[in-house]
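Those letters in the sequence shown? Residues -22 to -1, 1 to 167, per mature numbering (1 follows the signal peptide of the UniProt record, and there is no 0), in order. For reference, the structure discussed in these notes is given below.
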Amino acid sequence: MQSALPSHRTARRGLLLSAALAAGCATTAPSPSTSSQAVESAPPPPAYVPVVRYGRYTLVELAPTEAQRNLLLQVVDVTVPDTLHATVGDALRHVLQRSGYQLCSGPETDALNALPLPTAHYQLGPIVLRDALLTLAGPAWKLRADDGARRVCFGPAITPADPLTLLPASLQDAETPAEAFPLVEEAQP
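Below you can see the structure in the form of structure tokens.
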């Protein structure tokens, strides 16, 4: 018959376990080392932020948002009216309608404005206004914004050159012409 008292072996294990737990809790955090370099601290928060109570539980800061300061950062969600002959210029003017900006006119932008609007660009957003304008114009055009006059202009991203000089050498010297494949039309049931 076994006794109800713990054996010597069980008592020793319990004692070792409690000693290990006590030693783990007794460790101290290392003291921070002092360095000769000056530590940069974050600027202190402003002492006074003007707010107004708006409703029962809401306080609103009395400061403009970043999109209100920089109008090209405003978020737009635009659907261009569906017409058969919509151009990139039509879409740019539609996107800029309530943005506070106008589209420049001139010989450089006339070439962009006359381009047909791709189907993928009939619906844009939600997207930042600047990104919407760059998406509509495409990578061949550079965006220039005059914040004083609130005008948006586009110019070529690169200087016009012979298109063959911009191609890689492997494509310039190709002896075989590019193959054209007919479009496959789906059969309607």
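Using N, Cα and C, we set each Cβ at its ideal position, and we do this for glycine too. If you're wondering where the values come from, they're calculated on a predicted model, not measured in any experiment.
Taken through DSSP and simplified to helix, strand or coil, ALA123 comes out as strand. LEU51 is positioned such that its CB atom lies no closer than 8 Å to that of ARG122.
Counting along the chain, GLY67 sits inside the alpha helix (DSSP H) bounded by residues 66 to 73. Scanning HIS63, ALA127, VAL58 and LEU62 for the CA closest to the CA of ALA110 turns up VAL58.
Around the beta-carbon of LEU70, 16 or more other beta-carbon atoms lie within 10 Å, marking it buried. In this chain, GLN101 is not harboured by any alpha helix (DSSP H); it is covered by the beta strand (DSSP E) spanning 101 to 106. The DSSP-derived three-state label of ASP55 is strand.
If you look at PRO42, you'll find it isn't in any alpha helix (DSSP H); DSSP assigns it neither H nor E.
Per the C-alpha coordinates, the member of GLY103, ASP68, ARG76 and GLN101 positioned closest to THR87 is ASP68. GLY33 sits in coil when the DSSP states are folded into three classes, being neither helix nor strand. Per DSSP, reduced to three states, the secondary structure at LEU81 is strand.
Here the alpha carbon of THR43 sits roughly 27 Å from the alpha carbon of PHE132. According to DSSP, residue pairing for GLY(-9) in a beta bridge does not occur. Taking a 10 Å sphere around the C-beta of LEU74, we find 16 or more other C-beta atoms and assign the residue as buried. Bridge partners of VAL130 according to DSSP: LEU81 and ALA123.
PRO104 and LEU(-6) have their C-alpha atoms some 60 Å from each other. Put simply, of VAL106, ARG129 and LEU40 the residue whose alpha carbon is nearest the alpha carbon of VAL54 is VAL106. Excluding the 5 residues flanking it on each side, PRO94 has same chain C-beta neighbours closer than 7 Å at THR65, in chain order.
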